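I have placed the structure first, in the form of C-alpha coordinates, so that the comments after it can refer back to it.
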Amino acid sequence: MRKRCTLVLALLLAAPLAHAVPPTDAQLDALHEAARTERLLEEMWPRIEAMQRQMLQQALQGREHDPEAQARAQRSLERGNAAMRKALSWERLRPLLRDVYRRHLEAEDVEAITAFYRTPAGQKLLDKGPALMQASMEAVQPLLMEVLGEMEKELRAEAGSP
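All the letters of the sequence shown, read from the start, carry residue numbers -20 to -1, 1 to 142 under mature numbering (1 follows the signal peptide of the UniProt record, and there is no 0).
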(Lines of atoms letter the chains of each structure in order from A and count residues from 1; the text may use other names and numbers.)
(Lines give C-alpha, C1' and ligand atoms only; values in the text may rest on other atoms or scores of the structure.)
Protein backbone atom coordinates (compact mmCIF):
# COMPACT_ATOMS: atom_id res chain seq x y z
CA MET A 1 0.00 0.00 0.00
CA ARG A 2 2.78 2.40 0.91
CA LYS A 3 4.56 1.72 -2.40
CA ARG A 4 1.34 2.42 -4.28
CA CYS A 5 0.83 5.75 -2.50
CA THR A 6 4.42 6.72 -3.22
CA LEU A 7 4.00 5.78 -6.88
CA VAL A 8 0.74 7.71 -7.20
CA LEU A 9 2.29 10.74 -5.48
CA ALA A 10 5.33 10.59 -7.75
CA LEU A 11 3.14 10.39 -10.85
CA LEU A 12 1.02 13.30 -9.69
CA LEU A 13 4.08 15.43 -9.04
CA ALA A 14 5.66 14.49 -12.36
CA ALA A 15 2.52 15.19 -14.41
CA PRO A 16 2.99 18.97 -14.60
CA LEU A 17 6.61 18.49 -15.63
CA ALA A 18 5.57 16.27 -18.51
CA HIS A 19 3.41 19.06 -19.91
CA ALA A 20 6.09 21.77 -19.66
CA VAL A 21 6.87 22.00 -23.37
CA PRO A 22 9.11 24.87 -24.42
CA PRO A 23 7.81 27.08 -27.22
CA THR A 24 9.22 26.71 -30.72
CA ASP A 25 10.83 29.54 -32.67
CA ALA A 26 7.73 29.65 -34.87
CA GLN A 27 5.45 30.05 -31.84
CA LEU A 28 7.64 32.80 -30.42
CA ASP A 29 7.83 34.55 -33.78
CA ALA A 30 4.03 34.42 -34.02
CA LEU A 31 3.80 35.95 -30.54
CA HIS A 32 6.15 38.79 -31.46
CA GLU A 33 4.26 39.36 -34.69
CA ALA A 34 0.90 39.48 -32.88
CA ALA A 35 2.38 41.74 -30.17
CA ARG A 36 3.95 44.01 -32.82
CA THR A 37 7.28 43.80 -31.02
CA GLU A 38 9.40 44.82 -34.01
CA ARG A 39 7.16 47.78 -34.81
CA LEU A 40 7.16 48.93 -31.19
CA LEU A 41 10.95 48.74 -31.19
CA GLU A 42 11.13 50.90 -34.32
CA GLU A 43 8.64 53.40 -32.86
CA MET A 44 10.72 53.63 -29.68
CA TRP A 45 13.84 55.00 -31.39
CA PRO A 46 12.57 58.48 -32.30
CA ARG A 47 11.40 59.01 -28.70
CA ILE A 48 14.75 57.87 -27.29
CA GLU A 49 16.66 60.07 -29.72
CA ALA A 50 14.48 63.09 -28.95
CA MET A 51 15.03 62.54 -25.24
CA GLN A 52 18.80 62.33 -25.79
CA ARG A 53 18.79 65.54 -27.85
CA GLN A 54 16.88 67.26 -25.07
CA MET A 55 19.35 65.98 -22.50
CA LEU A 56 22.23 67.28 -24.63
CA GLN A 57 20.57 70.70 -24.91
CA GLN A 58 20.03 70.77 -21.15
CA ALA A 59 23.65 69.80 -20.53
CA LEU A 60 24.84 72.61 -22.80
CA GLN A 61 22.35 75.15 -21.46
CA GLY A 62 23.86 77.94 -19.44
CA ARG A 63 27.36 77.13 -20.62
CA GLU A 64 29.27 79.03 -23.19
CA HIS A 65 30.00 76.70 -26.06
CA ASP A 66 31.18 77.61 -29.45
CA PRO A 67 29.05 76.39 -32.36
CA GLU A 68 31.76 73.91 -33.37
CA ALA A 69 31.71 72.28 -29.92
CA GLN A 70 27.93 71.95 -30.15
CA ALA A 71 28.24 70.45 -33.62
CA ARG A 72 30.82 67.93 -32.36
CA ALA A 73 28.54 66.98 -29.48
CA GLN A 74 25.63 66.55 -31.90
CA ARG A 75 27.72 64.36 -34.24
CA SER A 76 28.86 62.28 -31.29
CA LEU A 77 25.26 61.81 -30.20
CA GLU A 78 24.25 60.78 -33.73
CA ARG A 79 27.11 58.24 -33.92
CA GLY A 80 26.08 56.85 -30.54
CA ASN A 81 22.46 56.56 -31.66
CA ALA A 82 23.48 54.77 -34.86
CA ALA A 83 25.61 52.34 -32.86
CA MET A 84 22.74 51.73 -30.42
CA ARG A 85 20.27 51.12 -33.25
CA LYS A 86 22.67 48.61 -34.79
CA ALA A 87 23.37 46.85 -31.48
CA LEU A 88 19.67 46.67 -30.63
CA SER A 89 18.31 45.90 -34.08
CA TRP A 90 15.42 43.46 -34.40
CA GLU A 91 17.71 40.97 -36.16
CA ARG A 92 19.95 40.93 -33.08
CA LEU A 93 17.18 41.11 -30.49
CA ARG A 94 14.91 38.42 -31.94
CA PRO A 95 17.15 35.44 -30.97
CA LEU A 96 17.81 36.96 -27.54
CA LEU A 97 14.11 37.48 -26.90
CA ARG A 98 13.34 33.97 -28.09
CA ASP A 99 15.74 32.60 -25.48
CA VAL A 100 14.34 34.80 -22.73
CA TYR A 101 10.72 33.92 -23.52
CA ARG A 102 11.61 30.23 -23.87
CA ARG A 103 13.16 30.23 -20.37
CA HIS A 104 10.07 31.78 -18.79
CA LEU A 105 7.08 30.61 -20.82
CA GLU A 106 5.75 27.27 -21.97
CA ALA A 107 4.39 26.63 -25.45
CA GLU A 108 0.85 26.62 -24.10
CA ASP A 109 1.37 30.07 -22.53
CA VAL A 110 2.81 31.49 -25.75
CA GLU A 111 -0.14 30.15 -27.74
CA ALA A 112 -2.63 31.69 -25.29
CA ILE A 113 -0.88 35.07 -25.21
CA THR A 114 -0.64 35.11 -29.01
CA ALA A 115 -4.33 34.27 -29.28
CA PHE A 116 -5.16 37.13 -26.90
CA TYR A 117 -3.11 39.67 -28.89
CA ARG A 118 -5.01 38.62 -32.01
CA THR A 119 -8.36 39.46 -30.42
CA PRO A 120 -9.94 42.93 -30.64
CA ALA A 121 -9.20 43.42 -26.92
CA GLY A 122 -5.56 42.43 -27.43
CA GLN A 123 -5.24 44.78 -30.40
CA LYS A 124 -6.83 47.57 -28.35
CA LEU A 125 -4.34 46.97 -25.54
CA LEU A 126 -1.50 47.19 -28.06
CA ASP A 127 -3.00 50.34 -29.61
CA LYS A 128 -3.48 52.01 -26.23
CA GLY A 129 -0.22 50.70 -24.71
CA PRO A 130 1.95 53.76 -25.44
CA ALA A 131 -0.70 56.16 -24.14
CA LEU A 132 -1.23 54.00 -21.05
CA MET A 133 2.50 53.92 -20.41
CA GLN A 134 2.83 57.69 -20.87
CA ALA A 135 -0.11 58.40 -18.57
CA SER A 136 1.25 55.95 -15.99
CA MET A 137 4.66 57.61 -16.05
CA GLU A 138 3.04 61.04 -15.67
CA ALA A 139 0.95 59.78 -12.75
CA VAL A 140 4.01 58.32 -10.99
CA GLN A 141 6.29 61.31 -11.63
CA PRO A 142 5.00 63.41 -8.66
CA LEU A 143 5.63 60.46 -6.36
CA LEU A 144 9.14 60.06 -7.69
CA MET A 145 9.85 63.77 -7.41
CA GLU A 146 8.72 63.69 -3.79
CA VAL A 147 11.01 60.76 -2.99
CA LEU A 148 13.91 62.30 -4.92
CA GLY A 149 13.40 65.57 -3.05
CA GLU A 150 13.55 63.77 0.28
CA MET A 151 16.65 61.87 -0.83
CA GLU A 152 18.31 65.13 -1.86
CA LYS A 153 17.53 66.69 1.55
CA GLU A 154 19.03 63.68 3.32
CA LEU A 155 22.13 63.74 1.13
CA ARG A 156 22.62 67.45 1.74
CA ALA A 157 22.15 66.95 5.48
CA GLU A 158 24.68 64.11 5.47
CA ALA A 159 27.14 66.17 3.44
CA GLY A 160 26.57 69.24 5.60
CA SER A 161 25.57 71.50 2.72
CA PRO A 162 22.50 73.79 2.62
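Using N, Cα and C, we set each Cβ at its ideal position, and we do this for glycine too. No experiment lies behind these values; they were computed from the predicted model shown.
Whole angstroms are fine: how far does the CA of residue j sit from the CA of residue i?
i: Leu21; j: Glu126; result: 31 Å
i: Leu124; j: Met131; result: 10 Å
i: Leu68; j: Arg16; result: 16 Å
i: Thr94; j: Gln7; result: 8 Å
Sort the options by Cα distance to residue i and report the nearest one.
i: Thr4; options: Glu118, Tyr81, His45 and Gln50; result: Tyr81
i: Arg78; options: Ala(-1), Arg(-19) and His12; result: His12
i: Arg27; options: Pro110, Glu118 and Tyr97; result: Pro110
i: Leu76; options: Lys133, Asp9 and Val1; result: Asp9
Below 8 Å on the Cβ atoms is my contact criterion, and I expect residue i with residue j to pass it. Report the Cβ-Cβ distance as a whole number of Å.
i: Leu36; j: Ala53; result: 6 Å
i: Arg65; j: Trp25; result: 6 Å
Evaluate contact between the stretch 21 to 37 and the stretch 54 to 70, counting only Cβ atoms and requiring at least three cross-stretch pairs below 8 Å. yes
If you pair each beta-carbon of the stretch 110 to 119 with each one of the stretch 36 to 48, do three or more pairs fall below 8 Å? Short answer: they don't touch.
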